[in-house]
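Trainee:
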């Protein structure tokens, strides 16, 4: 009990400290210390609980009282923002309804429900703790340098950095609470905190756009929260339980818990930004980059997929499962199409996140052992590589004054360190020996074995478009334009620390993933599915690891040979000698500028969104209609 | 133990023989093409002379990084071929080949020259066009033979082609792209008179160009290996049929190359995806139904 308490308590304490002590120097010390402590604690938790899953029951009513109090506290805060500060009555209604539901349940039927274990720390929870603890802390450290620059560059934005770090640490604390809770009431509370924190983070700059987008995030996530509350009430009144593990047992013994599962999956959809709820994640771009990095990689959206993957064993060939895999698949395909037409770096990343989450959700929906393995592996790889990408793009944005990929021309020469981080990140996102591709491999196998031919089609087309937009970006970065200007000087030390650690982490995860699979994922699945198997042959996993090592070692040894004669490129005119301008017919100097392809007419964002929203929206409605019809015998 | 010995022999044989076979294939290709155009054509060994000459040229480059990517291209093509001929996993072969294509594309991008970059982008679109079909080929074999392992596929109890004709048609279609034949030779062409100068190869010369040529020889040989897989099963005489079909497929591609003019990228993408959907996917559904 001490370790989980510390895990949620330390970030919480750091949050309060950082909010109260407002000096720049003090904040730096607290944030670094808290980050180090959180990281150490998450590793300690991992060491303690790896392979020894523990179910913990809290004695007395202390925990449930705290949970209820926090529920009310969050509700009051949300009501303050929605009713008093900004007049958004209907969002307040959303919050009031779910608070009412939970209060009624706690006072009424909830009293007779016995809870056997409040917390469950299994291997999957440990993986999530490690992701949130290590990556989240690194992002917090990165923010120290980034936010300093950010305030300098945006003097019009009020300096609310104490508040910013307060929310970040509160977020981490809630995330830890979320992944270790087995009691759905506790999970719901943490769920609400993360929704509320993301609302605060997105609205940080308080511009009109930021406020609009933050409320978009709030209502979508509160809608999910409402579904969560309904699921709790339904489970509590019908089956007299509020535990996730009990729900799984009920589902395994063929009890009709489909409605509760569907409601929980729905609430996972809102948080994991599945279409038609993808809007809030795209809107979250307006926030400073560390926020996006946190939301996209290690916390917020991962909470959504965490819940769905937890439900994995009871999804599959039922309506809740069909809904999950269909919406996941459609989101994967349309988001990766839409990413092609984007030139804003952060937007490409956002669409890539949505599409990866779609793949994870789709795998979870299939519900087989192989699919669950794939889903968890993608969660791991995606968290590391995506956080690295966001932090790199954010840093580049600060140095170049733009996050448009077209402006990244020549950063291979002007920002060698940063472009190396980006190259590692991009390779980690899609390229062969790196993690993501292994996941696609396993996904393919899982889809074939489950016999879903349509999903197979989605996967092959989705992965080839993924290849397209990432390679396009990679090409832009690697373009060699010699320059004497070094643009890396303005990057803070803490930023480098985070970037380099994450780069190293990306490579290490890719090399060690057979180990991760063997020691963490497979034991978890063994317990959940009562069986074990190698999704991909161990020898093939080893080959992949070795190829990563080859790719890391190769550049180190390369280029030590004979000196080459350097010449200028062919510009179909007289090259002025610098490769970036040529002499035109009238003798004038014409600059060369190269632009990438975006194929707007084919993969335009509005069109893809329209298709995706209609498909996913109608699927949601139809499946819920079928499930409700089955439950209530209409 | 004998398995290991066999694997090593197969691997070494591939490393040594594939470039020889690939070079000869290129020579035959040029000869046949020339005869179709009523020319005499270069000697059979001309591709080898070309590569040896390129290898000995003074090393000229537009930047220092490019040759690294070119080397990566060659290396990963060889590795993916190795997986193929040592009876590895067919999906692993496809993925490693993708890695090689990415290296090639990045090599073209890195020069930051307009012709090269347009070539790179077209190459990228070509990759996006053929990738789904290539994956469907692998999945088709998995559905038909129950394994991704090439060893198992070769020992199948019956000819795969009978169950996967649609997938075979799809594969033949994308092989036109992979062999860089008209109508799909958008990113770089064997002929020099192209609107893109030489597309992806514009800024590559000397030893790097020789490496790319060599990589293409390796690549062509094991791409024909995919064709071979369709016609070989446990019957002892089937390898002859397999080799014959490889030759036939390649001859057809030369014929089409000489009959067609280059299409726009839109046509390439739509037609390839259409073939993937109609021939490939319908076949996959059939295989799933059969299971």
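Protein chains in written order, with our numbering: chain A, 402 to 1035; chain B, 2 to 292. For each residue, glycine too, the CB sits at the ideal point set by N, CA and C.
For a contact meaning CB atoms closer than 8 Å, what does residue 284/B contact in chain A?
Mentor: Your numbering for residue 284/B matches position 283 in the second chain. The premise fails here: residue 284/B is roughly 10 Å from chain A at the closest Cβ pair, so nothing lies under 8 Å.
Trainee: Less than 7 Å between the beta carbons of residue 1/B and residue 91/B, yes or no?
Mentor: A query on residue 1/B cannot be resolved here, the shown segment of chain B reaching from 2 to 292 and no further.
Trainee: Let me know the secondary structure DSSP gives residue 881/A once reduced to three states.
Mentor: Residue 881/A sits at position 480 when you count from the first residue of the first chain. It is coil, neither helix nor strand.
Trainee: CA-CA distance, residue 122/B and residue 129/B?
Mentor: Within the second chain, residue 122/B is the residue found at index 121, counting from 1. Within the second chain, residue 129/B is the residue found at index 128, counting from 1. Their backbone Cα atoms lie some 10 Å apart in a straight line.
Trainee: I'd like the span of the beta strand (DSSP E) that includes residue 984/A, first residue to last.
Mentor: Counted from its first residue, the first chain places residue 984/A at position 583. Segment 982 to 984, the beta strand (DSSP E) holding residue 984/A.
Trainee: Any chance you could list the beta strand (DSSP E) runs of at least 3 consecutive residues sitting entirely within the segment 505 to 568 of chain A, in chain order?
Mentor: Fully enclosed beta strand (DSSP E) runs of 3 or longer: 520 to 522.
Trainee: Suppose the cutoff is 7 Å on Cβ atoms and the five residues either side in sequence are ignored; what does the same chain contact list for residue 71/B look like?
Mentor: For the purposes of this step, residue 71/B is taken as the residue at position 70 of the second chain. Hits under 7 Å: 108, 205, 209, 212 and 213.
Trainee: Between which two residues does the beta strand (DSSP E) holding residue 455/A run?
Mentor: Numbered from its first residue, the first chain carries residue 455/A at position 54. Where residue 455/A is concerned, the enclosing beta strand (DSSP E) stretches over 455 to 457.
Trainee: Taking Cβ positions, are residue 784/A and residue 536/A nearer each other than 7 Å?
Mentor: Your numbering for residue 784/A matches position 383 in the first chain. Your numbering for residue 536/A matches position 135 in the first chain. Yes. Within cutoff.
Trainee: Could you name the residues that DSSP lists as bridge partners for residue 79/B?
Mentor: Numbered from 1 along the second chain, position 78 holds the residue referred to as residue 79/B. Answer by DSSP bridge pairing: none, since residue 79/B is not bridged.
Trainee: Let me check understanding here. Comparing Cα to Cα, which of 972/A, 521/A, 429/A and 610/A lies closest to residue 115/B?
Mentor: In the second chain, the residue the question calls residue 115/B occupies position 114. The option with the nearest alpha carbon to residue 115/B is 972/A.
Trainee: From what residue to what residue does the beta strand (DSSP E) around residue 991/A run?
Mentor: Taking the first residue of the first chain as position 1, residue 991/A is located at position 590. Counting along the chain, the beta strand (DSSP E) containing residue 991/A begins and ends at 990 to 992.
Trainee: Pick from 137/B, 46/B and 93/B: whose alpha carbon is nearest that of residue 170/B?
Mentor: As a first step, residue 170/B is located in the second chain; it is residue number 169 there, counting from the start. Considering only alpha carbons, the answer is 137/B.
Trainee: Going along chain A, which residues have a C-beta under 8 Å from residue 114/B?
Mentor: On the second chain, position 113 is the one that residue 114/B refers to. Those are 970, 971, 972 and 980, listed as they occur along chain A.
Trainee: Which residue from 155/B, 60/B and 179/B puts its Cα closest to that of residue 105/B?
Mentor: As a working note, residue 105/B is residue 104 in the second chain. Cα-wise, what sits closest to residue 105/B is 179/B.
Trainee: List the endpoints of the continuous alpha helix (DSSP H) containing residue 771/A.
Mentor: Residue 771/A sits at position 370 when you count from the first residue of the first chain. Segment 770 to 801, the alpha helix (DSSP H) holding residue 771/A.
Trainee: Using the Cα positions of residue 215/B and residue 221/B, report the straight-line distance between them to the nearest angstrom.
Mentor: Position 214 of the second chain, counting from 1, holds the residue named residue 215/B. Position 220 of the second chain, counting from 1, holds the residue named residue 221/B. Their Cα atoms are separated by approximately 10 Å.
Trainee: What does residue 145/B reach in chain A if we use C-beta pairs closer than 7 Å?
Mentor: For the purposes of this step, residue 145/B is identified with residue 144 of the second chain, where counting begins at 1. Per Cβ cutoff of 7 Å: no residues; residue 145/B is ~11 Å from chain A at best.
Trainee: On the DSSP letters alone, give me the boundaries of the alpha helix (DSSP H) that residue 720/A sits inside.
Mentor: As a working note, residue 720/A is residue 319 in the first chain. Taken as a continuous stretch (DSSP letters only), the alpha helix (DSSP H) holding residue 720/A covers 720 to 741.
Trainee: Just verifying my parser: in three-state terms, what is the DSSP assignment at residue 434/A?
Mentor: Within the first chain, residue 434/A is the residue found at index 33, counting from 1. Three-state DSSP puts residue 434/A in a helix.
Trainee: What's the C-alpha gap between residue 672/A and residue 485/A?
Mentor: Working through the first chain from its first residue, we reach residue 672/A at position 271. Working through the first chain from its first residue, we reach residue 485/A at position 84. Each residue's alpha carbon lies about 26 Å from the other.
Trainee: By how many angstroms is the C-alpha of residue 630/A removed from the C-alpha of residue 743/A?
Mentor: Taking the first residue of the first chain as 1, we reach residue 743/A at position 342. Taking the first residue of the first chain as 1, we reach residue 630/A at position 229. When rounded, the distance between both Cα atoms is 37 Å.
Trainee: For residue 90/B, write down the residues that DSSP places opposite it in a beta bridge.
Mentor: Here residue 90/B is taken as the residue at index 89 of the second chain, counted from 1. DSSP output for residue 90/B lists 150/B as bridge partner(s).
Trainee: According to DSSP, what are the bridge partners of residue 582/A?
Mentor: In the first chain, the residue the question calls residue 582/A occupies position 181. 520/A.
Trainee: May I ask you to list, following chain order, the residues of the segment 48 to 78 of chain B that have a beta carbon less than 9 Å from some beta carbon of chain A?
Mentor: The residues in question are 59, 60, 61, 62, 63, 64, 65, 66, 67, 68, 69, 70, 72, 73, 76 and 77.
Trainee: Please report the Cβ distance between residue 825/A and residue 695/A, rounded to the nearest whole angstrom; I am assuming they are in contact, meaning their Cβ atoms lie under 8 Å.
Mentor: As a working mapping, residue 825/A is identified with position 424 in the first chain. As a working mapping, residue 695/A is identified with position 294 in the first chain. Rounded, the Cβ-Cβ distance is 20 Å, inconsistent with contact.
Trainee: What span of residues does the alpha helix (DSSP H) with residue 329/B cover, start to end?
Mentor: No information on residue 329/B is available, as it lies outside the stretch 2 to 292 that chain B covers here.
Trainee: Using a C-beta cutoff of 7 Å, does residue 121/B count as contacting chain A?
Mentor: Residue 121/B sits at position 120 when you count from the first residue of the second chain. Closer than 7 Å: yes.
Trainee: Do residue 717/A and residue 669/A count as a contact pair if the criterion is CB distance below 7 Å?
Mentor: What you label residue 669/A is simply residue 268 of the first chain in a count that begins at 1. What you label residue 717/A is simply residue 316 of the first chain in a count that begins at 1. Taking 7 Å as the Cβ cut-off, residue 669/A and residue 717/A do not qualify as a contacting pair.
Trainee: Looking at the ligand PLP, does it come within less than 6 Å of residue 515/A, judged from the CB to the closest heavy atom?
Mentor: The ligand PLP is not part of the structure shown, which contains no ligands of any sort.
Trainee: Where does the unbroken alpha helix (DSSP H) through residue 609/A begin, and where does it stop?
Mentor: Numbered from 1 along the first chain, position 208 holds the residue referred to as residue 609/A. Looking at the DSSP string, the run of the alpha helix (DSSP H) that includes residue 609/A is 609 to 640.
Trainee: Would you list the one or two residues that DSSP bridges to residue 62/B?
Mentor: By 1-based counting over the second chain, the position of residue 62/B is 61. Partner(s): 967/A.
Trainee: Keeping to the same chain, check which residues put their C-beta closer than 8 Å to that of residue 1032/A; ignore five residues upstream and five downstream.
Mentor: Here residue 1032/A refers to the residue found at position 631 when the first chain is read from its first residue. Correct list, in chain order: 657, 659 and 660.
Trainee: Check whether chain A comes within 7 Å of residue 103/B, counting only Cβ atoms and requiring the distance to be less than that.
Mentor: Translated into the one-based positions of the second chain, residue 103/B becomes position 102. Chain A contact via Cβ: present.
Trainee: Which residues of the segment 81 to 112 of chain B have a Cβ closer than 7 Å to any Cβ of chain A? Give them in chain order.
Mentor: Against chain A - using a Cβ distance shorter than 7 Å - the residues of the segment 81 to 112 of chain B are 90, 92, 93, 96, 97, 99, 100, 103, 106, 107, 110, 111 and 112.
Trainee: Please list the partners that residue 956/A has in chain B, where partner means a Cβ-to-Cβ separation under 8 Å.
Mentor: Against the first chain, residue 956/A aligns to sequence position 555. Per Cβ cutoff of 8 Å: 69.
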